[in-house]
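**Student:** Numbering (my numbering) for the sequence shown: 3 to 182.
Backbone N, C-alpha and C fix where the C-beta goes; we use that ideal spot for every residue, glycine too.
The following block contains the structure, expressed as structure tokens.
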Amino acid sequence: MNYTKDELIPLYVELLQKANFPVSEEELQSLTINDFGLENLKEEGFGLIDLLRSERVRVNLILLLPNQSLPEHLHPGYENEKGKEETIRVLYGTTRVFIEGEPDTDIKIPKGKEQWYTALKKIELNIGEQFTISPNIKHWFQAGENGSVNIAFQNRVDESHNIFYDPESDGCKISNENKY
3 MNYTKDELIP
13 LYVELLQKAN
23 FPVSEEELQS
33 LTINDFGLEN
43 LKEEGFGLID
53 LLRSERVRVN
63 LILLLPNQSL
73 PEHLHPGYEN
83 EKGKEETIRV
93 LYGTTRVFIE
103 GEPDTDIKIP
113 KGKEQWYTAL
123 KKIELNIGEQ
133 FTISPNIKHW
143 FQAGENGSVN
153 IAFQNRVDES
163 HNIFYDPESD
173 GCKISNENKY
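This is the structure:
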């Protein structure tokens, strides 16, 4: 069964409450849910709250439902930009970060999507742990059994340059506007 974005908002809000991370009412109202055009939101997608977007820095909350995956992608360089460097730190739950390297044997790829999830080295992060992904590294995220809330720190880049490998994906339709 596929869920609508409106049906999942309360689940993302509940995750945020479990993380006990304070957000303003305005930030909560700005919660964006993205399914990357894959129409399988419970398995592939995420919730996002931007906390800061300046000319050079972006800080946001990445919310993942239980076992939900943020699909494989990379942040390439373009023009004079090296690409996005991203540090993800877990505030609640467990987040699995997958990158290229020695494949792990215990991976739960969304059914029928195996060919689009090829970065199979798993780094499992628990509350208070973080990992930095350099530009031009294939990666994807997946929450553990209880979902996860993560804070992400990124150098500011144009998200429209991200490369998503599933041909059904329409990419990350997240605003590039500054939010100070």
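Counting along the chain, where does the alpha helix (DSSP H) carrying A121 start and finish?
**Tutor:** Taking the sequence shown and counting its residues from 1, the one referred to as residue 121 is at position 119. Run containing A121: none; DSSP gives neither H nor E here.
**Student:** Can you list the beta strand (DSSP E) stretches of 3 or more residues lying completely in the region 66–148, in chain order?
**Tutor:** 71–76, 88–101, 123–127 and 132–135
**Student:** Looking at the structure shown, is V15 part of a helix, part of a strand, or coil, going by DSSP?
**Tutor:** For this step, residue 15 is matched to residue 13 along the sequence shown. If DSSP states are grouped into helix, strand and coil, V15 belongs with the helices.
**Student:** Can you give the beta carbon distance from Q117 to I90, rounded, assuming they're within the 8 Å contact cut?
**Tutor:** Here residue 117 refers to the residue found at position 115 of the sequence shown. Here residue 90 refers to the residue found at position 88 of the sequence shown. Not a contact, Cβ separation roughly 25 Å.
**Student:** What's the C-alpha gap between A145 and N82?
**Tutor:** Here the question's residue 145 lines up with position 143 in the sequence shown. Here the question's residue 82 lines up with position 80 in the sequence shown. Those two C-alpha atoms are separated by around 34 Å.
**Student:** Pick out whichever of T96, F48 and K123 has its Cα sitting closest to the Cα of E104.
**Tutor:** The sequence position of residue 104 within the sequence shown is 102, counting from 1. Closest option to E104, Cα to Cα, is K123.
**Student:** Give me the Cβ distance between R158 and E57, rounded to the nearest whole Å; I'm assuming they're in contact under 8 Å.
**Tutor:** Translated into positions along the sequence shown, residue 158 becomes position 156. Translated into positions along the sequence shown, residue 57 becomes position 55. Yes, they are in contact, since the Cβ atoms of R158 and E57 sit about 6 Å apart, within 8 Å.
**Student:** Is L54 helix, strand or coil by DSSP?
**Tutor:** Locating residue 54 in the sequence shown gives position 52, counting from the first residue. In this structure, L54 counts as strand in the three-state DSSP scheme.
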